[in-house]
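Protein chains: 2
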Amino acid sequence: MRPSTRLPAPLNTRDREILRDVIYTFISAGEPVSSRAVAKQERHGLSSASIRNIMADLEEKGYLRQPHTSAGRVPTTAGYHLYIEALMRQRAVPVKERRYIDSHIDAASDADQRTAATSQLLSELTHQVGVVLIPALADTVLKTVEFVPVSGRRVLCVVVSSSGFIDSKLVEVEEPIGREDLVRAGNYLTETFGGHTLRDIRDRLLVAMDDERAQVDRLLALSIALAKKSLTDGAPELLMDGTAELLTQPELADLSRVRLLFEAFHDKARLVRLLNQCLAGGGVRAWIGEDSELTSELDFSLVAAPYRAGERVMGSLGILGPSRMEYDKVIPLVEYLADTLSEALARTFET
Amino acid sequence: MRPSTRLPAPLNTRDREILRDVIYTFISAGEPVSSRAVAKQERHGLSSASIRNIMADLEEKGYLRQPHTSAGRVPTTAGYHLYIEALMRQRAVPVKERRYIDSHIDAASDADQRTAATSQLLSELTHQVGVVLIPALADTVLKTVEFVPVSGRRVLCVVVSSSGFIDSKLVEVEEPIGREDLVRAGNYLTETFGGHTLRDIRDRLLVAMDDERAQVDRLLALSIALAKKSLTDGAPELLMDGTAELLTQPELADLSRVRLLFEAFHDKARLVRLLNQCLAGGGVRAWIGEDSELTSELDFSLVAAPYRAGERVMGSLGILGPSRMEYDKVIPLVEYLADTLSEALARTFET
DNA sequence: GTCTAGCAGTCCCTCTCCGAGAGTGCTAGC
DNA sequence: GCTAGCACTCTCGGAGAGGGACTGCTAGAC
Numbered sequence: 013m014r015p016s017t018r019l020p021a022p023l024n025t026r027d028r029e030i031l032r033d034v035i036y037t038f039i040s041a042g043e044p045v046s047s048r049a050v051a052k053q054e055r056h057g058l059s060s061a062s063i064r065n066i067m068a069d070l071e072e073k074g075y076l077r078q079p080h081t082s083a084g085r086v087p088t089t090a091g092y093h094l095y096i097e098a099l100m101r102q103r104a105v106p107v108k109e110r111r112y113i114d115s116h117i118d119a120a121s122d123a124d125q126r127t128a129a130t131s132q133l134l135s136e137l138t139h140q141v142g143v144v145l146i147p148a149l150a151d152t153v154l155k156t157v158e159f160v161p162v163s164g165r166r167v168l169c170v171v172v173s174s175s176g177f178i179d180s181k182l183v184e185v186e187e188p189i190g191r192e193d194l195v196r197a198g199n200y201l202t203e204t205f206g207g208h209t210l211r212d213i214r215d216r217l218l219v220a221m222d223d224e225r226a227q228v229d230r231l232l233a234l235s236i237a238l239a240k241k242s243l244t245d246g247a248p249e250l251l252m253d254g255t256a257e258l259l260t261q262p263e264l265a266d267l268s269r270v271r272l273l274f275e276a277f278h279d280k281a282r283l284v285r286l287l288n289q290c291l292a293g294g295g296v297r298a299w300i301g302e303d304s305e306l307t308s309e310l311d312f313s314l315v316a317a318p319y320r321a322g323e324r325v326m327g328s329l330g331i332l333g334p335s336r337m338e339y340d341k342v343i344p345l346v347e348y349l350a351d352t353l354s355e356a357l358a359r360t361f362e363t
Numbered sequence: 013m014r015p016s017t018r019l020p021a022p023l024n025t026r027d028r029e030i031l032r033d034v035i036y037t038f039i040s041a042g043e044p045v046s047s048r049a050v051a052k053q054e055r056h057g058l059s060s061a062s063i064r065n066i067m068a069d070l071e072e073k074g075y076l077r078q079p080h081t082s083a084g085r086v087p088t089t090a091g092y093h094l095y096i097e098a099l100m101r102q103r104a105v106p107v108k109e110r111r112y113i114d115s116h117i118d119a120a121s122d123a124d125q126r127t128a129a130t131s132q133l134l135s136e137l138t139h140q141v142g143v144v145l146i147p148a149l150a151d152t153v154l155k156t157v158e159f160v161p162v163s164g165r166r167v168l169c170v171v172v173s174s175s176g177f178i179d180s181k182l183v184e185v186e187e188p189i190g191r192e193d194l195v196r197a198g199n200y201l202t203e204t205f206g207g208h209t210l211r212d213i214r215d216r217l218l219v220a221m222d223d224e225r226a227q228v229d230r231l232l233a234l235s236i237a238l239a240k241k242s243l244t245d246g247a248p249e250l251l252m253d254g255t256a257e258l259l260t261q262p263e264l265a266d267l268s269r270v271r272l273l274f275e276a277f278h279d280k281a282r283l284v285r286l287l288n289q290c291l292a293g294g295g296v297r298a299w300i301g302e303d304s305e306l307t308s309e310l311d312f313s314l315v316a317a318p319y320r321a322g323e324r325v326m327g328s329l330g331i332l333g334p335s336r337m338e339y340d341k342v343i344p345l346v347e348y349l350a351d352t353l354s355e356a357l358a359r360t361f362e363t
């Protein structure tokens, strides 16, 4: 979780408590934390002068820094990571929020609606940007494929993945095909290739085309031709909600930062790359400040986790906001949403 | 095109030319136009003092105003309307842009892709926000409806409208239905109701349910039940592209305006209402500044036009940006895109 | 040794002031 | 009817001063 190569300097209990207080206070208040502010909490029974000494040590060790000489302290990336890993107390998602989440995700009937709801929930509950990475259709497992004649040479191809993603596409064929042939072609493809990813299927199709039978069996040839046209893979899709929410954050007080932010969003490729990195790891992961190109420019953080459909990892989801975010709430929330979405996707075709 | 009730004061040719120059210069440069700037163009052979007199007249008549005493002049809403109606010279969409537009819209195979492309093109070519209002499914004309069994009690319902909009929805039925019954139900509905809007169909279904035959004919009852579940109407959809583009506009120099802007976008209902007003009228229409609630807060303008599929008006499309926009380019562009999209939608099922 | 009171020093932020610049309206004269 | 010239107004940006918030350091208390 902590890409920094520097070894963290050891801290005694008191130092850790002070560090936790400083970071917690900074996250709540949004302003550099002064020694006096920490002393006033009276939890440690120390004067501001003593706190000052400790804070100077913590700065030396790389966990805090000063925006300018006569200012309070602010966490560094290393500070945040230590806070997340060892100092903060996670706050479980409240029952009320959980119910809200469950009801919204259950109300959706297919995977597209579910992922859309997830992205909205992420943004709504954190007041930050919610992101959900949806796998390219090519990486989903085929459940059904169906061809429907629409008019003359137009055929509608409907692909349903086993996790509930539905994609339809109008294709144009060389000559009109009868409804029954289309149904048979759909059945053939569903039976032959159901349970495989579209990527696999594409590879197998190449083999099937060379098959001797394909030269003689009209239906087989037709099926292959249709599949070739319709099972092309798209790019992975990125849902993003709540970009407007961010404007209420005080860290975006000046316009040049807002511009930077929107440029960062425009370049979705970078965000997709980060979210892809997330697929490999197990649980929630946080990129803070300098950890990544995307987050460093703006002093932002990305907290993300992978979600599954059954055993298969599908994509990842998370939130993007200022580094100063309530990690103690946000991390459990991202975790909960990843679990809830995973379960919903696994359940899609139960009935 | 001009909702103002005030009678426009009559202007002689020279006044109109000066007004046109002032507005044109303001649109290009973005700063209040001084008498000296107009005089320097030497088109009128007048000194800045004379121009000053004329500009003072134009202000009195309500076409120009001064941001403050010692500043140049800026157009009023009335000024812009006069400019659009009578003063500016429209600049036809360049052949290169037209080719670009045609190729992008032709590349899309269904109506959703076409409207999405249109919205992107609007934003890309004007560097402002492109909007496309897509009719509620209920207002589209049914071409085909098809039911596909997916698993157990889940049935996928695919509706294709005659203009090429495709909507699919997973519905859960009480007990598993055989594939053949589903196909027959789809055929029955397509044959009975094809050519009608979904809104009509819903009304007719109510009648059909009371039909005596429905009590005996199993297939008929099944069709009606399926249709009831799947032909529910959604809300009209609003596509919006290029909100980030706007941040590059100098009129959004201060953050409070940016916030207002994003709040305005958030409240899509208002925008939908304006775009709906556009459906009735024939061609391009412009709302400027105080013309509407939406545009007045921010000193923005909306330039929009309806688009059709065949004879039927489908929705509207346009661009949203600062009142200071290049109407001479933008209006022909919106017109061209409305025509191009209309033609494409009419052509969808030609083959 | 550890902690703290007190103090000097640093830096930021805000307010005010002032001058430069741009543009206007008005007047007198061509 | 047009224009040169002038006084006036308003904005904008920079300089400078004062106040406030912290810190680091030192010397002394426990």
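Protein chains in written order, with the numbering used here: chain H, 13 to 363; chain Y, 13 to 363. Glycine included, every Cβ here is placed at the ideal spot set by N, Cα and C.
Residue contact check for Lys181 of chain H against chain Y: a CB pair falls below 8 Å. With a threshold of 8 Å between beta carbons, His278 of chain Y makes contact with chain H. Boundaries of the beta strand (DSSP E) around Leu154 of chain H: Leu154 to Ser163. In the structure shown, Ile189 of chain Y adopts coil according to DSSP, grouped into three states.
Taken atom to atom, the span from the alpha-carbon of Arg285 of chain Y to that of Leu306 of chain Y is near 10 Å. Put simply, the backbone Cα of Val171 of chain Y is about 5 Å away from that of Val157 of chain Y.
Around the C-beta of Asp351 of chain H, fewer than 16 other C-beta atoms lie within 10 Å, and the residue is accordingly described as exposed. In terms of Cα proximity to Asp222 of chain H, the closest of H:Ile236, H:Thr81 and H:Lys280 is H:Ile236. Taking 8 Å as the threshold, the shortest C-beta distance from Ser121 of chain H to chain Y falls below it. Distance between Arg85 of chain Y and Tyr348 of chain H, taken at the CA atoms: about 57 Å.
At a beta-carbon threshold of 9 Å, the residues of chain Y lying near Gly164 of chain H are Phe361, Glu362 and Thr363, ordered along the chain. For Val105 of chain H, the three-state secondary structure derived from DSSP is coil. Interface residue (Cβ-Cβ distance to chain H less than 8 Å): Arg271 of chain Y is classified as such. Only buried fits Gln140 of chain H, as 16 or more other CB atoms lie within 10 angstroms of its CB.
Here Gly142 of chain Y is buried, its C-beta having at least 16 other C-beta atoms within 10 Å. If you check each beta-carbon in the region 103-135 of chain H against every beta-carbon of chain Y, the ones closer than 8 Å belong to Ser121 and Asp122. For Val172 of chain H, a Cβ of chain Y is located within less than 8 Å of the residue's own Cβ. Counting C-beta atoms within 10 angstroms of its own C-beta, Arg126 of chain Y has 16 or more neighbours from the protein chains shown and is therefore classed as buried. Within chain Y, no residue has its CB atom less than 9 Å from the CB of Ile213 of chain H, the nearest being about 18 Å off. Take Ile146 of chain Y, set aside five residues on each side of it, and the residues of its chain with a beta-carbon closer than 7 Å to its own are Thr127, Pro248, Glu249, Leu251 and Gly327, in chain order. By the criterion of at least three beta-carbon pairs nearer than 8 Å, the region 94-112 of chain Y is in contact with the region 326-344 of chain Y. In the same chain as Thr255 of chain H, and ignoring 5 residues on each side of it, the C-beta atoms closer than 7 Å to its own belong to Val141 and Phe277, in chain order. Leu201 of chain H sits away from Ala233 of chain H, with the two beta carbons spaced by 8 Å or more. Not flagged as an interface residue toward chain H: Phe159 of chain Y, since no C-beta distance is shorter than 8 Å. Taking a C-beta distance under 8 Å as the contact criterion, Thr88 of chain H and Leu76 of chain H qualify as a contact pair. DSSP, read as helix, strand or coil, puts Arg320 of chain H in strand. Within chain H, Leu259, Leu264, Ala265, Asp266, Leu267 and Val270 have C-beta atoms less than 9 Å from the C-beta of Leu267 of chain Y, given in sequence order. Across the region 146-157 of chain Y, CB contacts with chain H closer than 7 Å involve Lys155 and Thr156, in sequence order along the chain.
Counting the other CB atoms within 10 Å of its CB gives Ser175 of chain H a total of 16 or more, which places it among the buried residues.
Under the three-state reduction of DSSP output, Ser173 of chain H falls in the strand class. From the beta-carbon of Ala281 of chain Y, no residue of chain H is found nearer than 8 Å; the closest lies around 15 Å away. DSSP places Asp179 of chain Y inside the beta strand (DSSP E), whose first and last residues are Ile178 to Glu184. Here DSSP, grouped into helix, strand and coil, assigns Asp114 of chain H to helix. Looking only at Y:Val50, Y:Ser173 and Y:Ser59, the smallest Cα-Cα distance to Arg324 of chain Y is reached by Y:Ser173. Asp179 of chain H sits away from Ala356 of chain H, with the two beta carbons spaced by 8 Å or more.
Assignment of alpha helix (DSSP H) within the region 13-86 of chain Y, counting only whole runs of 4 or more residues, yields 25-41, 47-52 and 60-72 in chain order.
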